[in-house]
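Take the numbering used here: the final residue in the sequence shown is number 687, and no numbers are missing along the way. Note that the Cβ used here is the ideal one computed from N, Cα and C, for glycine as well. Given the structure is predicted, the values throughout are model-derived calculations rather than measurements. See structure below.
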Amino acid sequence: MDRIEAERRLGFLRTEIDLHARRYYVLDDPLISDGEYDALFQELLTLERQFPDLVSDDSPSQRVGGAPLPEFVRIEHRSLMLSLENAFQQADMLDFEVRLRHFLHSEESFVYVAEPKMDGLAVELIYEDGILVTGATRGDGRIGEDITANIKTIPAIPLKLPALTVMPPILEIRGEVYMPIHGLRDLNAQRREAGETIFANPRNAAAGSLRQLDPKICASRPLDFFCYALGNPEQTNCRSQHEALDLMRQLGFKVNPYIKLCRGIKEVADNFAYLLELRPRLPYDIDGMVVKVDSFDLQRRLGNKARSPRWAIAWKFKAAQATTRLLAIEFGVGRTGAITPVAVLEPINIGGAVVRRATLHNEDEIRRKDVRIGDLVLVQRAGDVIPEIVKPIVDSRTGAEQIIRLPAVCPACEEPLTRPVNEAVTRCLNPACRAQRVRALIHYTGKAGLDIDGLGKRAVQQLYDQGLLEDIPGIYALTIADLAPLDGWGQKSAENVVRAIAASLQTSLAKFLAALGIRYIGEGISQLLERHFADIEALQAASRDDFLAIDGIGEQAAGSLVRYFASPTALKMLAQLREAGLQLTAPLAAAGGLPLANAVFVFTGTLSISRNEAKARVKELGGRVSSAISKKVTHVLCGIKAGSKEKKARELGLKIINEEEFMRLIAAGGPGSSKG
Ligand code: IVH
């Protein structure tokens with residue numbers, strides 16, 4: 012066969028195979044036998060081997076998995092991949108609707124889309140001109156990992172989309188990769204036979220498969236995919252979630268058949284009951300139901316909180332529970348000195364995972380639940396949440412159970428413990444406490460921090476025990492000569508770690524803040540801070556009110572930030588890190604990425620949209636909202652019956668705008684025109 016003929020035949024084979032794969036994997040309604048399909052596929056592979064330069068990226072042959080990757084590349088999502096707030100009962104759903112009404116200043120009921128909540132891994136697929144170019148994990152919501160090679164091996168994910176007139180040049184499809192129950196069962200059986208560890212649940216199995224560096228391994232795993240969202244809906248002509256689902260279905264994606272349009276919370280609740288009853292008969296696991304406001308216009312108005320949208324919520328099924336014996340209590344010392352009682356349990360399988368330990372949070376909880384050592388206890392596991400003790404089974408007590416007492420001194424440093432008034436937590440307040448220091452170091456180098464390769468829990472503990480590492484700046488003083496002679500190290504790993512340490516000096520402000528482990532300042536708030544402050548110096552100069560003006564930052568976080576940046580120890584440490592070469596990459600706010608980055612608004616008088624909504628829109632665009640007029644204010648929005656504030660603003664010569672002007676201002680920089 013000559014080249015021209017081969018090209019023609021390859022085109023035909025690819026179209027045929029795509030068609031039949033879709034009939035089989037997506038529609039579950041094949042037109043030809045497996046044997047006929049295999050023959051087509053074999054012919055494709057043979058021809059492509061003969062003409063390797065004719066292999067295209069969207070060829071079905073690419074699904075078998077290409078060459079292994081050395082590591083995953085990080086990828087920034089075009090728009091944030093948020094997570095969801097949880098609801099556990101109908102009352103939470105009613106609250107959710109009340110919040111919607113309040114926020115939108117509306118009396119109406121809403122149309123919702125209720126979707127089974129898949130227990131798998133969220134991914135984003137990017138199609139450029141209809142060709143799958145990227146598949147990424149959610150990661151921290153802003154940055155995920157490039158798993159394109161693995162994604163391409165999943166038969167239900169189209170490599171190429173049919174040309175529809177309404178398609179934007181870049182299409183972002185979001186959904187869940189999951190492993191069907193029978194697939195997980197077979198895989199685990201194989202693994203057990205091979206002496207490998209088994210996957211505790213479908214979610215771990217999906218995640219473990221997608222994070223394989225060798226795509227051939229991923230290709231051998233029975234993975235499937237349901238889509239549930241568009242990342243860039245404003246670039247399509249869909250006006251609602253149900254239209255978006257229709258579009259994705261037309262494009263050849265699998266959409267869960269049990270998704271339902273519901274009018275009002277009553278219908279939502281009925282559907283929840285239906286799914287709960289259906290759950291045991293589904294071929295895949297679901298852990299609840301996701302409820303979304305259908306209208307995109309309302310979604311846009313409702314906007315997002317730090318980590319989740321206001322317009323959606325996950326109504327979770329009740330957690331799996333089981334009873335087991337409480338064998339002992341261990342006391343841990345956290346990063347902030349909090350003493351946490353951890354129950355050591357007789358190992359038990361709950362909902363597919365073996366549970367050996369459970370948290371008891373604090374002393375009050377131990378008293379309230381009256382748990383004792385030796386008790387038979389009811390333990391529950393809710394999703395990823397750490398297992399917890401629900402209650403002791405009082406009826407089965409023998410009298411030999413022992414009351415749990417909190418230690419009087421820190422189990423790590425033996426300094427006396429204190430329980431601050433109004434706090435439920437007993438703490439070790441010794442700043443030199445070794446347990447706290449080690450925890451802070453582990454946090455800094457770990458996944459939630461700067462993720463320094465080779466400096467995991469064990470390594471940090473070892474370096475601390477050897478007296479080589481005491482505090483965060485000490486990390487940057489470590490040398491190859493320090494590390495190489497240590498037990499289990501060697502020249503090569505010492506070199507790698509020193510290189511990773513040096514690389515960690517270049518990071519983002521958000522990552523760095525989260526790594527510091529300041530109380531109440533986690534990943535979400537760090538990201539918010541990064542949007543509003545250019546650098547550490549700006550954070551040091553900020554006041555409590557400056558922090559409070561940011562949506563998503565409350566009293567506790569603001570207080571904690573002010574305290575932190577006033578502490579001489581922290582300032583000394585920051586100076587040392589700067590000296591060590593810390594270089595924070597420019598955050599969005601500084602780069603002028605957010606249109607209202609330097610604006611400060613005051614609202615006064617009656618507005619037609621709710622204050623909360625107006626506030627949220629300003630904050631989304633990087634601006635701040637203040638309650639008082641001052642020279643720092645850049646815009647004063649005056650509604651009907653604006654009073655003394657308007658007067659004062661005029662006296663100061665501040666810019667005064669009406670609601671119409673305000674709406675124009677926020678529409679001009681509205682979501683979709685900026686990241687996040
Ligand atoms: S919507 C902002 N829909 O749940 C919208 N998520 O807790 C966020 N999930 O990371 C996603 N089924 O992995 C959505 N029908 C569904 C879902 C779903 C499962 C997962 C997803 C996400 C997590 C959020």
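In this structure residue 327 touches residue 298 by the C-beta definition: roughly 6 Å separates them, less than 8 Å.
Judged by their CB atoms, residue 157 and residue 83 are nearer to each other than the 7 Å cut-off. Boundaries for residue 458: no beta strand (DSSP E) harbours it, and the DSSP string shows neither H nor E there. In chain order, the residues that have a beta carbon nearer than 6 Å to some heavy atom of the ligand IVH are 93, 94, 95, 126, 128, 129, 133, 149, 187, 239, 240, 301, 320, 323, 325. Of 538, 227, 561, 123, the smallest CA-CA separation from residue 274 is found for 123. The Cβ-Cβ distance between residue 610 and residue 592 does not fall below 7 Å. Rounded to the nearest whole angstrom, the C-alpha separation of residue 459 and residue 74 is 33 Å.
The beta carbons of residue 146 and residue 159 sit closer together than 7 Å.
DSSP lists 143, 182 as the beta-bridge partner residues of residue 138. In the DSSP assignment, residue 35 falls outside any alpha helix (DSSP H), carrying neither H nor E. Nearest to residue 411 by alpha-carbon distance, out of 386, 402, 677, 97, is 386. Counting only residues of its own chain and dropping the five nearest sequence neighbours on each side, residue 617 has a CB closer than 7 Å to the CB of 650, 651, 652.
As computed with DSSP, residue 413 is found in a beta bridge with 384.
For residue 303, the enclosing beta strand (DSSP E) stretches over residues 297-304.
When C-beta atoms of the stretch 421-428 are compared with those of the stretch 366-385, fewer than three pairs fall below 8 Å, so the two segments do not count as touching. Annotation for residue 235: no alpha helix (DSSP H) segment contains it, though the beta strand (DSSP E) segment containing it runs 235-241. Buried is the label assigned to residue 223, since at least 16 other Cβ atoms lie within 10 Å of its Cβ. Looking from the CA of residue 512, the closest CA among 12, 490, 497 belongs to 490. Apart from the 5 residues on each side of it in sequence, residue 241 sits with its Cβ closer than 6 Å to the Cβ of 255 in its chain, given in chain order.
Of the candidates 248, 126, 380, 194, the residue whose Cα lies closest to the Cα of residue 230 is 194.
Annotation for residue 140: 180 place their beta carbon closer than 7 Å to its own, counting only its chain and skipping 5 residues before and after. Under DSSP, residue 421 forms no beta bridge with any residue.
Less than 7 Å separates the beta-carbon of residue 263 from that of residue 33. A direct Cα-Cα distance of roughly 40 Å separates residue 403 from residue 461. Going by C-alpha positions, residue 524 is about 44 Å away from residue 205.
Of 584, 138, 334, 379, the smallest CA-CA separation from residue 368 is found for 334. In this structure, the beta-carbon distance from residue 488 to residue 495 does not fall below 7 Å. Around the beta carbon of residue 508, 16 or more other beta carbons lie within 10 angstroms, which makes this residue buried. The count of Cβ pairs closer than 8 Å, one atom from the stretch 285-305 and one from the stretch 128-136, reaches three, so the stretches are in contact. For residue 530 against residue 571, the beta-carbon gap comes to about 5 Å, under 8 Å, which counts as contact. Taken atom to atom, the span from the alpha-carbon of residue 316 to that of residue 641 is near 27 Å.
Contact annotation: residue 154 and residue 250 have beta-carbon atoms that are not nearer than 7 Å. If you ignore the 5 residues before and after residue 303, its C-beta comes within less than 6 Å of the C-beta of 124, 252, 323, all in its own chain and listed in chain order.
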